[in-house]
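Undergrad:
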Amino acid sequence: MELDVSSTARDALQDLLDVSPQVEAALVITRDGTLLADSLEGRTAVAQRLAKTAVRLLEEAERARSELGREPVTQCEVATGDGHVFVVSDEARVVLAVTGSEPTVGLVFYDLKTALRAVREAATAQGSPSTNGNGNGKAPLAPNPAGEKN
Amino acid sequence: MARKRRNVATALALTAGSAAAALVIRKRQDRRRPHVGLYFEDGSMVSLPESSPQATRLLEAGREAVATARG
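In order, the protein sequence lines correspond to chains H and G.
In case it helps, the working numbering puts the first sequence at residues 5 to 154.
In case it helps, the working numbering puts the second sequence at residues 279 to 349.
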């Protein structure tokens, strides 16, 4: 079943790369870091490393949220000076993209959310977990620290 | 008189143009400066400067992601 989700994730990433030339690399992972699809053309080890980094970004975003005493983080943008990293997630999956140093931030987020929605809808059709309690598919970027159901 | 007015208009246009150009350059530099944007569930957003401890950790992971992707 996850195979079909992976297939949809691959299509969603391809669509993302087609409409967003700013994106240099992107991947879709589950929240625990399992790779569903990537744009790294067979460089599996690199994709796995990037997946691990995506999980680390999720954890650091949650830590920052906690320290700032804010509500859950839904999206994150890290501008490093020579590149940008974008992370968007729902309850079950995460999309990460790396762009150059001057991306159109709003557009990239929009395209990532579109990709994530496509994967979520495919998963919903197949009965995989994809939505939270209110059914809108929105979820904190990082897992709930209290271990409650997302 | 007309020439004087034209000179004043030219000077004003040049000043306004320079200010606009400076603003664009400044904005572009700001965009290139390392920072972290966190977007919260309520729709608000916080931009963390590079010097904040939260941004420092996220930037470290972000740099790793960029380096890995460009491998």
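We treat Cβ as the ideally placed atom computed from N, Cα and C, and that holds for glycine.
Computed from a predicted model, the values in this text were never measured in an experiment.
Secondary structure at Glu75 of chain H, three-state DSSP: helix, strand or coil?
TA: The residue you call residue 75 of chain H lines up with position 71 of the first sequence. Of the three classes helix, strand and coil, the one that applies to Glu75 of chain H here is coil, per DSSP.
Undergrad: Let me see if you follow: with CB-CB separation under 8 angstroms, is Leu301 of chain G close to chain H or not?
TA: Reading the second sequence from its first residue, position 23 is the one you call residue 301 of chain G. By this cut-off, Leu301 of chain G is not an interface position.
Undergrad: Does DSSP put Ser325 of chain G in a helix, in a strand, or in coil?
TA: In the second sequence, counting from the first residue as 1, residue 325 of chain G sits at position 47. DSSP places Ser325 of chain G in the strand class (E or B) of the three-state scheme.
Undergrad: Between H:Val102, H:Thr128, H:Ala127, H:Gly110, which has its C-alpha nearest Leu21 of chain H's C-alpha?
TA: Walking along the first sequence from the start, residue 21 of chain H turns up at place 17. Nearest option by C-alpha distance: H:Val102.
Undergrad: What's the call for Pro236 of chain G, buried or exposed, on a 16-neighbour Cβ count within 10 Å?
TA: A query on residue 236 of chain G cannot be resolved here, the shown segment of chain G reaching from 279 to 349 and no further.
Undergrad: Give, in chain order, every unbroken run of the beta strand (DSSP E) that is at least 3 residues long and sits entirely within the region 97-125 of chain H.
TA: The qualifying runs are 97-103.
Undergrad: Going along chain G in order, which residues have a C-beta closer than 7 angstroms to the C-beta of Thr84 of chain H?
TA: On the first sequence, position 80 is the one that residue 84 of chain H refers to. Ordered by position in chain G, the residues that pass the 7 angstroms Cβ test against Thr84 of chain H are Pro312, Leu337, Gly340, Arg341, Val344.
Undergrad: List the residues of chain G that Val50 of chain H touches, going by C-beta distances under 8 angstroms, in chain order.
TA: One-based indexing of the first sequence puts residue 50 of chain H at position 46. Simply Thr346, Ala347, Gly349.
Undergrad: Is the CB of Gly295 of chain G under 8 angstroms away from at least one CB in chain H?
TA: What you label residue 295 of chain G is simply residue 17 of the second sequence in a count that begins at 1. So no, Gly295 of chain G is outside the interface.
Undergrad: Whole angstroms are fine: how far does the CA of Pro25 of chain H sit from the CA of Glu328 of chain G?
TA: Walking along the second sequence from the start, residue 328 of chain G turns up at place 50. Walking along the first sequence from the start, residue 25 of chain H turns up at place 21. Approximately 27 angstroms between the Cα atoms of the pair.
Undergrad: So is Val324 of chain G in contact with chain H if we call contact Cβ pairs under 8 angstroms?
TA: Walking along the second sequence from the start, residue 324 of chain G turns up at place 46. Judged by the 8 angstroms Cβ criterion, Val324 of chain G is in contact with chain H.
Undergrad: From the beta carbon of Leu100 of chain H, is the nearest beta carbon of chain G less than 8 angstroms away?
TA: Indexing the first sequence from 1 puts residue 100 of chain H at position 96. Yes, because at least one Cβ of chain G sits closer than 8 angstroms to the Cβ of Leu100 of chain H.
Undergrad: Which residues in chain G have a C-beta closer than 9 angstroms to the C-beta of Pro25 of chain H? List them in chain order.
TA: Mapped onto the first sequence, residue 25 of chain H falls at position 21. The contacting residues do not exist; Pro25 of chain H stays about 15 angstroms from chain G at best.
Undergrad: So is Asp320 of chain G buried or exposed if we call it buried at 16+ other beta carbons inside 10 Å?
TA: For this step, residue 320 of chain G is matched to residue 42 along the second sequence. That one is exposed.
Undergrad: Could you give the DSSP three-state label for Gly315 of chain G: helix, strand or coil?
TA: Along the second sequence, read from residue 1 onward, the residue named residue 315 of chain G stands at position 37. The answer is strand: DSSP assigns Gly315 of chain G an E or B state.
Undergrad: Report the three-state DSSP secondary structure of Glu81 of chain H (helix, strand or coil).
TA: Numbered from 1 along the first sequence, position 77 holds the residue referred to as residue 81 of chain H. In the structure shown, Glu81 of chain H sits in a strand (DSSP, three-state: E or B).
Undergrad: Could you list which residues in chain G have their beta carbon closer than 7 angstroms to that of Val89 of chain H, in chain order?
TA: Taking the first sequence and counting its residues from 1, one reaches residue 89 of chain H at position 85. Here the neighbours are Gly340, Ala343, Val344.
Undergrad: Would you call Ala300 of chain G buried or exposed, if buried means 16 or more other Cβ atoms sit within 10 Å of its Cβ?
TA: Within the second sequence, residue 300 of chain G is the residue found at index 22, counting from 1. Ala300 of chain G comes out exposed.
Undergrad: Exposed or buried, which one is Ser43 of chain H when buried takes at least 16 other CB atoms within 10 Å?
TA: Position 39 of the first sequence holds residue 43 of chain H. Counting Cβ neighbours within 10 Å, Ser43 of chain H comes out buried, since at least 16 surround it.
Undergrad: Note the first and the last residue of the continuous alpha helix (DSSP H) segment covering Leu337 of chain G.
TA: Within the second sequence, the letter at position 59 stands for residue 337 of chain G. Here the alpha helix (DSSP H) through Leu337 of chain G covers 331-348.
Undergrad: Distance, Cα to Cα, Phe350 of chain G vs Asp94 of chain H?
TA: Within the shown structure, residues of chain G are numbered from 279 to 349, placing residue 350 of chain G beyond reach of any answer.
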